[in-house]
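These notes are about the structure you will find just below.
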Amino acid sequence: MEVSQTSNDIRLTYKSIRDGISISERNRLSSLISENVLALLEFDFKGANIFLCYYPFGSEVDLKQLYSILLQQGKHLYFPKCDKKNHQLYFYEIVDLEKDFSIGSYNIMEPKSDMNLLTDFNQSIISITPGLIFDKKLNRIGYGGGFYDRFFEKHPEITSIAPCFSKQLAENIQIESHDIPMDYIVTENLVLKGSRS
Numbered sequence: 001m002e003v004s005q006t007s008n009d010i011r012l013t014y015k016s017i018r019d020g021i022s023i024s025e026r027n028r029l030s031s032l033i034s035e036n037v038l039a040l041l042e043f044d045f046k047g048a049n050i051f052l053c054y055y056p057f058g059s060e061v062d063l064k065q066l067y068s069i070l071l072q073q074g075k076h077l078y079f080p081k082c083d084k085k086n087h088q089l090y091f092y093e094i095v096d097l098e099k100d101f102s103i104g105s106y107n108i109m110e111p112k113s114d115m116n117l118l119t120d121f122n123q124s125i126i127s128i129t130p131g132l133i134f135d136k137k138l139n140r141i142g143y144g145g146g147f148y149d150r151f152f153e154k155h156p157e158i159t160s161i162a163p164c165f166s167k168q169l170a171e172n173i174q175i176e177s178h179d180i181p182m183d184y185i186v187t188e189n190l191v192l193k194g195s196r197s
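Going by UniProt numbering, 131 is the number at position 131 of the sequence shown; the sequence numbering is gapless.
Take a look at the structure:
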């Protein structure tokens with residue numbers, strides 16, 4: 001219970017820090033992060049074709065610039081729909097960043113229900129994974145629902161890349177046994193690689 005309370009406290013602190021970044025600065029930093037993620041993909045994952053993405057919500061890093069480039073390159077982009085009852089994520093392919101979304105769970109933009117569902121996970125897949133707090137050991141704290149932790153526990157073979165602002169990066173965070181570390185963390189000024197990378 002104490003650990004959970006600590007996690008909630010740190011979530012509030014870091015959400016406040018991220019929310020405090022001005023819109024113009026957030027846009028500038030998001031552009032730099034998009035460039036850094038793209039460089040990483042072109043250097044280490046040239047042949048990757050399937051990407052699990054997220055639609056930016058609130059003050060999250062906005063990677064729509066990156067998504068547009070990946071679509072132009074003919075990559076397949078999938079975005080999550082949340083099953084709140086079972087705390088599961090299901091990923092649907094989108095081809096148009098403007099038209100293929102509607103407001104879904106938690107007021108986050110989700111793919112429309114008539115999009116193609118990803119069912120074959122026995123292939124090379126890159127997950128561009130959101131989060132609230134990260135540390136230099138590549139640990140991640142999300143928003144408390146455990147959606148991504150459950151997903152990665154089920155699909156440990158998927159490579160995870162977590163974009164974040166440098167202000168979201170802590171020296172060390174207290175994690176719980178079910179928290180899954182990232183393979184890469186990308187900020188506006190650095191790329192961290194985990195032991196699997």
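The beta carbon of each residue, even a glycine, is placed where N, CA and C say it ideally should be.
Where does Q5 land, buried or exposed, given buried means 16+ other C-beta within 10 angstroms?
Residue numbering aside, residue 5 sits at position 5 when the sequence shown is read from its first letter. Model confidence at Q5 stands at a pLDDT of 48, short of 50, so the residue's coordinates are unreliable and nothing is read from them.
Stretch-stretch touch, CB-based, cutoff 8 Å, three pairs: the stretch 116-128 with the stretch 150-160:
Yes, the stretch 116-128 touches the stretch 150-160.
What does M109 pair with, by DSSP beta-bridge criteria?
Along the sequence shown, one-based indexing puts residue 109 at 109. DSSP lists I103 as partners of M109.
Have a look at K193 and I185 and give me their C-alpha separation to the nearest angstrom.
Here residue 193 is taken as the residue at index 193 of the sequence shown, counted from 1. Here residue 185 is taken as the residue at index 185 of the sequence shown, counted from 1. Using only the alpha carbons, I get a separation of about 7 Å.
Here's the rule I'm using: 16 or more other beta-carbon atoms within 10 Å means buried, otherwise exposed. How should I103 be labelled?
Counted from its first residue, the sequence shown places residue 103 at position 103. Taking all protein chains in view, the Cβ of I103 is surrounded by fewer than 16 other Cβ atoms within 10 Å, so the residue is classified as exposed.
Quick one: Cα of G58 to Cα of F43, how far?
Within the sequence shown, residue 58 is the residue found at index 58, counting from 1. Within the sequence shown, residue 43 is the residue found at index 43, counting from 1. In this structure, the CA atom of G58 is about 30 Å from the CA atom of F43.
Please report whether the beta-carbon of Y92 lies at a distance below 8 Å from any beta-carbon of chain D.
Included in the structure is just one protein chain, with no chain D present.
Grouping DSSP H, G and I as helix and E and B as strand, with all else coil, what is V61?
As a first step, residue 61 must be located in the sequence shown, where it is residue number 61. When secondary structure is reduced to three states using DSSP, V61 falls in the coil class, being assigned neither helix nor strand.
So the candidates are T187, R18, G47, Q168; which of them puts its Cα closest to the Cα of Q73?
Locating residue 73 in the sequence shown gives position 73, counting from the first residue. Of the candidates T187, R18, G47, Q168, the one whose C-alpha sits nearest the C-alpha of Q73 is G47.
Just checking my contact of I175 with N139 at CB under 8 Å: how many whole Å lie between their CB atoms?
Translated into positions along the sequence shown, residue 175 becomes position 175. Translated into positions along the sequence shown, residue 139 becomes position 139. Contact between I175 and N139 holds: CB atoms are separated by about 5 Å, below the 8 Å threshold.
Quick one: what's got a C-beta closer than 6 Å to I50's C-beta in the same chain, skipping five residues either side?
On the sequence shown, position 50 is the one that residue 50 refers to. Answer for I50: H76, I125, listed in chain order.
Return yes when the Cβ of Y92 is within less than 8 Å of the Cβ of Y78, no when it is not.
Your numbering for residue 78 matches position 78 in the sequence shown. Your numbering for residue 92 matches position 92 in the sequence shown. A Cβ-Cβ contact shorter than 8 Å links Y78 with Y92.
If you count every other CB in all the chains shown that lies within 10 Å of the CB of T129, and 16 or more means buried, which is it?
Working through the sequence shown from its first residue, we reach residue 129 at position 129. Result: buried.
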